[in-house]
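>
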Amino acid sequence: MKTNSVTPAHDQSGTGIYPNMSSVDQSAIGFEPEGRKAPPTHSGGIVNPNFQGDNQEGNGTTQPVQPSDVVNITVQDDDNGGAYADNINLLERSNQSAGNQEQSDEVDQYMADGQRRIDYILVHEPDKDPEDEDRKSRNRQQFEANLVKAGLQLERSTRELPTEEIEKKEIHYIKVHAPWDFLARYAEILNMKMPLAKNDMTEKFESIWSKFPTPFDTDESRLPDIPDYFTAPFSRHREGQFIIEDRSTFFNSTQRSLLVHQCLSRVVFEDLGDRAKNKFGIKRMLGNGSYTAAFPLHDGEYENEDPLSTQNSDNLRQVLYETWARPGAWYKFQPLDHVRLYFGEKIGIYFTWLGYYTGLLVPAGLVGLIIFLYGLIKLPSNKTSEDICDGDGVGNFTMCPLCDGRCTYWRLERSCVYSRVTSLFDNEATVFFAAFMALWAAFFHEMWKRKEAEIEYDWDVADYEEEETIRPEFEAAVRRRKVNPINKAEEPYLSPSSKFCRLTSSLWVVVFMLCVVVAAVFGVIVYRTTVSALLYAVDTESVKERAATITSITAACINLVIIIILSRVYLIIARVLTNFELHRTLTEWEDSFTLKMFLFQFVNHYASLFYIAFFKGKLIGRPGHYNRDQGARQEECDPAGCLIELCIQLAIIMVGKQAINNFTEVILPKVMNWFKSRTLKEMEEKKHEKVARWEKDYTMATMPELGLFDEYLEMVLQYGFVTIFVAAFPLAPLFALLNNIIEIRLDAYKFITQWRRPLAMRAQDIGIWFGILQGISAIAVMTNACIIAFTSEFIPKLVYRYAYSPNDNLDGYVNWTLSVFDVSDFEEESVPSDPKYKLFGNVTECRYRAFRQPPGGENPYKFTIAHWHVLTAELAFVIVFVLFVWLLTWFIAFMVPDVPQAVKLQMLREKYLGREAVLEAEHFRPGATKLTDSSTSSSRQDVSKPIA
Numbered sequence: 001m002k003t004n005s006v007t008p009a010h011d012q013s014g015t016g017i018y019p020n021m022s023s024v025d026q027s028a029i030g031f032e033p034e035g036r037k038a039p040p041t042h043s044g045g046i047v048n049p050n051f052q053g054d055n056q057e058g059n060g061t062t063q064p065v066q067p068s069d070v071v072n073i074t075v076q077d078d079d080n081g082g083a084y085a086d087n088i089n090l091l092e093r094s095n096q097s098a099g100n101q102e103q104s105d106e107v108d109q110y111m112a113d114g115q116r117r118i119d120y121i122l123v124h125e126p127d128k129d130p131e132d133e134d135r136k137s138r139n140r141q142q143f144e145a146n147l148v149k150a151g152l153q154l155e156r157s158t159r160e161l162p163t164e165e166i167e168k169k170e171i172h173y174i175k176v177h178a179p180w181d182f183l184a185r186y187a188e189i190l191n192m193k194m195p196l197a198k199n200d201m202t203e204k205f206e207s208i209w210s211k212f213p214t215p216f217d218t219d220e221s222r223l224p225d226i227p228d229y230f231t232a233p234f235s236r237h238r239e240g241q242f243i244i245e246d247r248s249t250f251f252n253s254t255q256r257s258l259l260v261h262q263c264l265s266r267v268v269f270e271d272l273g274d275r276a277k278n279k280f281g282i283k284r285m286l287g288n289g290s291y292t293a294a295f296p297l298h299d300g301e302y303e304n305e306d307p308l309s310t311q312n313s314d315n316l317r318q319v320l321y322e323t324w325a326r327p328g329a330w331y332k333f334q335p336l337d338h339v340r341l342y343f344g345e346k347i348g349i350y351f352t353w354l355g356y357y358t359g360l361l362v363p364a365g366l367v368g369l370i371i372f373l374y375g376l377i378k379l380p381s382n383k384t385s386e387d388i389c390d391g392d393g394v395g396n397f398t399m400c401p402l403c404d405g406r407c408t409y410w411r412l413e414r415s416c417v418y419s420r421v422t423s424l425f426d427n428e429a430t431v432f433f434a435a436f437m438a439l440w441a442a443f444f445h446e447m448w449k450r451k452e453a454e455i456e457y458d459w460d461v462a463d464y465e466e467e468e469t470i471r472p473e474f475e476a477a478v479r480r481r482k483v484n485p486i487n488k489a490e491e492p493y494l495s496p497s498s499k500f501c502r503l504t505s506s507l508w509v510v511v512f513m514l515c516v517v518v519a520a521v522f523g524v525i526v527y528r529t530t531v532s533a534l535l536y537a538v539d540t541e542s543v544k545e546r547a548a549t550i551t552s553i554t555a556a557c558i559n560l561v562i563i564i565i566l567s568r569v570y571l572i573i574a575r576v577l578t579n580f581e582l583h584r585t586l587t588e589w590e591d592s593f594t595l596k597m598f599l600f601q602f603v604n605h606y607a608s609l610f611y612i613a614f615f616k617g618k619l620i621g622r623p624g625h626y627n628r629d630q631g632a633r634q635e636e637c638d639p640a641g642c643l644i645e646l647c648i649q650l651a652i653i654m655v656g657k658q659a660i661n662n663f664t665e666v667i668l669p670k671v672m673n674w675f676k677s678r679t680l681k682e683m684e685e686k687k688h689e690k691v692a693r694w695e696k697d698y699t700m701a702t703m704p705e706l707g708l709f710d711e712y713l714e715m716v717l718q719y720g721f722v723t724i725f726v727a728a729f730p731l732a733p734l735f736a737l738l739n740n741i742i743e744i745r746l747d748a749y750k751f752i753t754q755w756r757r758p759l760a761m762r763a764q765d766i767g768i769w770f771g772i773l774q775g776i777s778a779i780a781v782m783t784n785a786c787i788i789a790f791t792s793e794f795i796p797k798l799v800y801r802y803a804y805s806p807n808d809n810l811d812g813y814v815n816w817t818l819s820v821f822d823v824s825d826f827e828e829e830s831v832p833s834d835p836k837y838k839l840f841g842n843v844t845e846c847r848y849r850a851f852r853q854p855p856g857g858e859n860p861y862k863f864t865i866a867h868w869h870v871l872t873a874e875l876a877f878v879i880v881f882v883l884f885v886w887l888l889t890w891f892i893a894f895m896v897p898d899v900p901q902a903v904k905l906q907m908l909r910e911k912y913l914g915r916e917a918v919l920e921a922e923h924f925r926p927g928a929t930k931l932t933d934s935s936t937s938s939s940r941q942d943v944s945k946p947i948a
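All the letters of the sequence shown, read from the start, carry residue numbers 1 to 948 under full-length UniProt numbering.
Following this line, the structure appears as structure tokens:
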């Protein structure tokens, strides 16, 4: 392996990096103004000439690198006009055979001198097309030269891999190191909070139960200590006030990679002479193929032969695997502070929310299981299902055909199995559970707000969204500039009229796509109607008995396939629309994209469920006068109701979608990683060659471009299944709990073992997802009230028992819900083509489910007074249920404060210490002058501009 070390040649003229240099605070790019003492710096990246190199292509001996090996190379402009001219100190370093010297994972985290930590890796492979490779090479040269000018230090390594072709495959690695000056400058610009003083308010209330160990507790002795500090925004001229034991470790690896990424995202690689037209950023370099990958390094291997040795390990990846991601740790609490330390706040908040949600599913799942067991115990004594299954009584009623022509008469006892399964969920306990889940959702929201306030403070992200920098894409696309009234800096400005036009245009596309989803659902409804009619026309009685079940299952599977296909299509459309809207910050972009995708996914996943719950069988008309759609009858519910169909649809979509997600998130990346890493494993195991950390990470799968969006979407859709339709499927919380226990460990496993280390992005909270969860909970109150009132048999049974039954029980209830129809009144197209005389005889009357007058009376087939009694009771129940739940929800929100008192006190203490530190610094600094808004604004201004 060949390794080159590149040392930055700083632009002493002060030009070539930032445009409008005269308006930028020089201290923000590495110069110290008069009166400010510059902090001590490192050696500027010059490689130690006495470093003991290793020759990988030589004879296996180690030779010291002589000072004469350092050469000064000038890269000239090429004939095509793109390239750069800059003096680069290039150290030719050869590597020894891997079999002669074992290097630890810790060594792989540093450059050739063993001093400078690798903060980022850029990878590129030569293009087979010479013209494309020439263009990409010029882009890389310009990009890397500007990185060096910005203060970063680079080192190059090349690996040659054997291939079946004559030419060997080369992979080039650019290792990026950020020196102290660079890190301190960008930390100040980004207002990054750093340790100011030890937290002297760490006393926490502990109940007597918390002192008893549980099997769920993580072994704290195996986790490295994380000191608790009060923090303040970092400032270079107050550097001495911060707790800096060692400059090389003051910024942890996640912070270092984040600061480097801020520079990478703004460096220009193609200067077109116009700031708005210049091409810049690592994202575009990856998009045009100039680089094939860009990522921070993992700490090392995640597996260890002796798991107990992680106790004092500096390899946090290994520690997290043993205590968090390992399958055997599935029942342990998550080490969330260490997850945040390794992956950053954004990923840490996701796992915190997922763990909190899963924990609160425990009581919901247990109550749901109790409700199901209650229905199971009551099943043998369920009077309704007994009557339907009685072939000598009500079950012998002749029912009207369920479709036109092909369908014939049938006995009510054919619904026996359906009625028994329905009684498991359709009982009085379901009403209690629906109310319980509505209050559970309110409690979850309020308690999560408290938890979110704690992590916002503990993880120093409470003001992140107010301080968030402008997206580079917004900076490049918006030409108009305007002075920000807050920081007095000139920033890109998009007028309200332009925003309105863009959002309106985007809205129409979203509405159109939602209509496409509704059309797809309508297609599934047509399928259900057609298949149901065909199955009921089959002569085999066993097929007729299972016609409704077969139709429901196949329709649900088809609906699941449609959901997956339309989701992929809409994902592309939503991304294009969100980019078109030109959002100022990444948080605004993510919130807009999330809202679009959720609206689509909400309709995509729930439309069929809403149809079954509230529309199927409700507007079909009656025998002799059916409501038709393009000449076809609408499909009917079974006499036992539509609740079991809703349950089947819900279970297939919920379980099937999560199974597919788990496969694509874990199994597929594992297979791809194995396939890509075969060559390196062969070199390491058979040829005994050393494979560096960055080479192993390069073969790993990449975290999806949308980051945690898919993870949140999966869980929020599950939350909708758990709350919106819980009255139809009380076991949904239990299944969600079991899935989430597995989901947490699968997500942890893929982050630790299957994915490259993602960029440690910051975030203040879960974003717009919290508002979406609140919206789902509000919808859930209404839908569960309507399911109980209009879809289940709960209200009709109450009305019959207390208004119509002579014995205050359900004897005769089934007969009461069925009306009589004279078959001579059938429409011509509804007459059965095969009346089955041998089975049913000469049928003169048939039964159907409705509250209507019998034929031959004064008002034949008109609604009876019982119909209006039931409808009034159903509407009254909906109103009372919704008002009761909303009142209790408001009471819970009122009683539970959003921010814990202990957090409030610590926030006040931290603000006090921050003010004292500023006053102390201003008092003792020689020549101290009052800080002006202009100096602060200029310091913030330079990071939002592309680096040219």
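Don't be surprised by glycine CBs; every beta carbon is placed ideally from N, CA and C.
1) Go ahead and pull the three-state DSSP assignment for Gly14.
2) Can you give me the C-alpha to C-alpha distance between Thr158 and Lys690, rounded to a whole angstrom?
3) Rank Leu746, Glu446, Lys451 by C-alpha distance to the C-alpha of Met895 and give the top, closest one.
4) State buried or exposed for Ile564, treating a residue as buried only when at least 16 other CB atoms are found within 10 Å of its CB.
5) Have a look at Tyr606 and Lys657 and give me their C-alpha separation to the nearest angstrom.
6) Rounding to the nearest angstrom, what Cα-Cα distance links Ile572 and Asn396 in this structure?
7) Would DSSP call Ile118 helix, strand or coil?
8) At a cut-off of 8 Å, is Val814 close to the ligand SAH when judged by its beta-carbon and the heavy atoms of the ligand?
9) Going by C-alpha distance, which of Glu245, Asp387, Lys451, Gly617 is nearest Phe790?
10) Could you name the residues of the same chain whose beta carbon sits closer than 8 Å to that of Leu871, not counting the 5 residues immediately before and after it, in chain order?
11) Using C-beta distances below 7 Å, list every residue in its chain close to Ala803, excluding the 5 sequence neighbours before and after it, in chain order.
12) How about the stretch 244 to 262 and the stretch 187 to 194: do they share at least three Cβ pairs that are nearer than 8 Å?
13) In the stretch 303 to 368, which residue ranges form an unbroken alpha helix (DSSP H) of at least 4 residues, counting only runs that do not cross its ends?
14) Do three or more CB pairs link the stretch 358 to 366 to the stretch 398 to 405 at distances below 8 Å?
15) Looking at the structure shown, is Ser819 part of a helix, part of a strand, or coil, going by DSSP?
16) Have a look at Asn661 and Leu713 and give me their C-alpha separation to the nearest angstrom.
17) In terms of residues, what are the limits of the beta strand (DSSP E) holding Leu577?
18) On the DSSP bridge assignment, give the partners of residue 990 in chain order.
19) Just checking my contact of Arg757 with Pro296 at CB under 8 Å: how many whole Å lie between their CB atoms?
20) Could you check what DSSP says for Met201 in three-state terms: helix, strand or coil?
21) Closest to Ala477 by CA distance: which of Cys786, Val820, Asp697, Arg275 is it?
22) Could you tell me which whole alpha helix (DSSP H) segments of length 4 or greater appear in the stretch 469 to 501?
23) Answer yes or no: do Ile648 and Ser542 have a C-beta to C-beta separation smaller than 9 Å?
24) Whole-angstrom Cβ separation of Val461 and Ala763, contact assumed at under 8 Å?
25) Tell me the DSSP bridge mates of Trp410?
26) Less than 9 Å between the C-beta atoms of Ile174 and Arg156, yes or no?
27) Between which residues of its own chain and Ala329 is the CB-CB distance below 7 Å, once the five residues before and five after are set aside?
28) Which residues mark the beginning and the end of the beta strand (DSSP E) in which Gln153 is found?
29) Suppose the cutoff is 6 Å on Cβ atoms and the five residues either side in sequence are ignored; what does the same chain contact list for Val421 look like?
30) What is the DSSP secondary structure of Glu102, counted as helix, strand or coil?
31) Quick one: what's got a C-beta closer than 7 Å to Ala178's C-beta in the same chain, skipping five residues either side?
32) In chain order, what residues of the same chain lie with their CB nearer than 8 Å to the CB of Ile742, ignoring the 5 residues before and after it?
33) Going by DSSP, what residue range makes up the alpha helix (DSSP H) through Arg185?
34) Pop quiz: Asn278 and Phe230 are said to be a contact at Cβ under 8 Å. What is the actual Cβ separation, rounded to whole angstroms?
35) Less than 8 Å between C-beta atoms, sequence neighbours within five positions excluded: which residues of the same chain meet that for His625?
36) For the stretch 132 to 144 and the stretch 284 to 292, state whether three or more C-beta atom pairs, one from each stretch, are separated by less than 8 Å.
Looking at the coordinates:
1) Taking the first residue of the sequence shown as position 1, residue 14 is located at position 14. Confidence at Gly14 is low in this model, with a pLDDT of 32, below 50, so the placement of that residue should be treated as unreliable; the coordinate-derived value is given next. Correct three-state label for Gly14: coil.
2) As a first step, residue 158 is located in the sequence shown; it is residue number 158 there, counting from the start. As a first step, residue 690 is located in the sequence shown; it is residue number 690 there, counting from the start. Computed Cα separation, rounded: 13 Å.
3) Indexing the sequence shown from 1 puts residue 895 at position 895. Comparing Cα positions, the closest option is Glu446.
4) Numbered from its first residue, the sequence shown carries residue 564 at position 564. Flag for Ile564 reads exposed.
5) Counting from 1 along the sequence shown, the entry for residue 606 is found at position 606. Counting from 1 along the sequence shown, the entry for residue 657 is found at position 657. Answer to the nearest angstrom: the Cα atoms are 13 Å apart.
6) On the sequence shown, residue 572 is found 572 positions in, with the first residue counted as 1. On the sequence shown, residue 396 is found 396 positions in, with the first residue counted as 1. Counting only the Cα atoms, Asn396 lies some 56 Å from Ile572.
7) What you label residue 118 is simply residue 118 of the sequence shown in a count that begins at 1. If DSSP states are grouped into helix, strand and coil, Ile118 belongs with coil.
8) Annotation note on the ligand SAH: not contained in the displayed structure, which lists no ligands.
9) Residue 790 sits at position 790 when you count from the first residue of the sequence shown. Here the closest residue by C-alpha is Gly617.
10) Position 871 of the sequence shown holds residue 871. No residues qualify anywhere along the chain.
11) Residue mapping note: residue 803 aligns to position 803 of the sequence shown, counting from 1. Correct list, in chain order: His869.
12) When Cβ pairs closer than 8 Å are counted between the two stretches, the stretch 244 to 262 is seen to touch the stretch 187 to 194, the count reaching three or more.
13) Runs of the alpha helix (DSSP H) inside the stretch 303 to 368: 316 to 320, 336 to 343.
14) Contact between the stretch 358 to 366 and the stretch 398 to 405 is absent: fewer than 3 CB-CB pairs across the two stretches fall below 8 Å.
15) One-based indexing of the sequence shown puts residue 819 at position 819. Here DSSP, grouped into helix, strand and coil, assigns Ser819 to strand.
16) Indexing the sequence shown from 1 puts residue 661 at position 661. Indexing the sequence shown from 1 puts residue 713 at position 713. Roughly 11 Å separates the two Cα atoms.
17) By one-based count along the sequence shown, residue 577 stands at place 577. Run containing Leu577: none in the beta strand (DSSP E); it sits in the alpha helix (DSSP H), 547 to 580.
18) Absent from the structure is residue 990, since the part of the chain shown begins at 1 and ends at 948.
19) Position 757 of the sequence shown, counted from the first residue, corresponds to residue 757. Position 296 of the sequence shown, counted from the first residue, corresponds to residue 296. Correct: roughly 5 Å between the Cβ atoms.
20) The residue given as residue 201 occupies position 201 in the sequence shown. Coil, per DSSP.
21) For the purposes of this step, residue 477 is identified with residue 477 of the sequence shown, where counting begins at 1. Answer by Cα proximity: Arg275.
22) The qualifying runs are 472 to 477.
23) Indexing the sequence shown from 1 puts residue 648 at position 648. Indexing the sequence shown from 1 puts residue 542 at position 542. No; because the gap between Cβ atoms is not below 9 Å, this pair is not in contact.
24) Translated into positions along the sequence shown, residue 461 becomes position 461. Translated into positions along the sequence shown, residue 763 becomes position 763. Going by Cβ atoms, the distance from Val461 to Ala763 rounds to 7 Å, so yes, they are a contact pair.
25) Translated into positions along the sequence shown, residue 410 becomes position 410. Partner residues in the beta bridge of Trp410, as assigned by DSSP, are Met399.
26) Walking along the sequence shown from the start, residue 174 turns up at place 174. Walking along the sequence shown from the start, residue 156 turns up at place 156. A contact, by the Cβ cut-off of 9 Å.
27) For the purposes of this step, residue 329 is taken as the residue at position 329 of the sequence shown. The beta carbon of Ala329 sits closer than 7 Å to the beta carbons of Thr323 from its chain, once the five residues preceding and following it are set aside; these are given in chain order.
28) For the purposes of this step, residue 153 is taken as residue 153 along the sequence shown, with counting starting at 1. Counting along the chain, the beta strand (DSSP E) containing Gln153 begins and ends at 153 to 161.
29) Taking the sequence shown and counting its residues from 1, one reaches residue 421 at position 421. Within the same chain, Val421 has close Cβ partners Ile644.
30) Along the sequence shown, read from residue 1 onward, the residue named residue 102 stands at position 102. Caution applies to Glu102, whose pLDDT of 35 falls short of 50 and renders its modelled position unreliable; the value that the coordinates give is listed next. Correct three-state label for Glu102: coil.
31) Counted from its first residue, the sequence shown places residue 178 at position 178. Hits under 7 Å: Asp119, Leu152, Arg256, Leu259, Val260.
32) Position 742 of the sequence shown holds residue 742. Answer for Ile742: Trp330, Asn662, listed in chain order.
33) Taking the first residue of the sequence shown as position 1, residue 185 is located at position 185. Going by DSSP, Arg185 is part of the alpha helix (DSSP H) stretching over 180 to 189.
34) To locate residue 278, count along the sequence shown from 1; it is residue 278. To locate residue 230, count along the sequence shown from 1; it is residue 230. No, Asn278 and Phe230 are not in contact; Cβ-Cβ is about 42 Å, not under 8 Å.
35) Within the sequence shown, numbered from 1, the residue matching residue 625 stands at position 625. Here the set comprises Glu827, Tyr861.
36) Segments in contact, yes.
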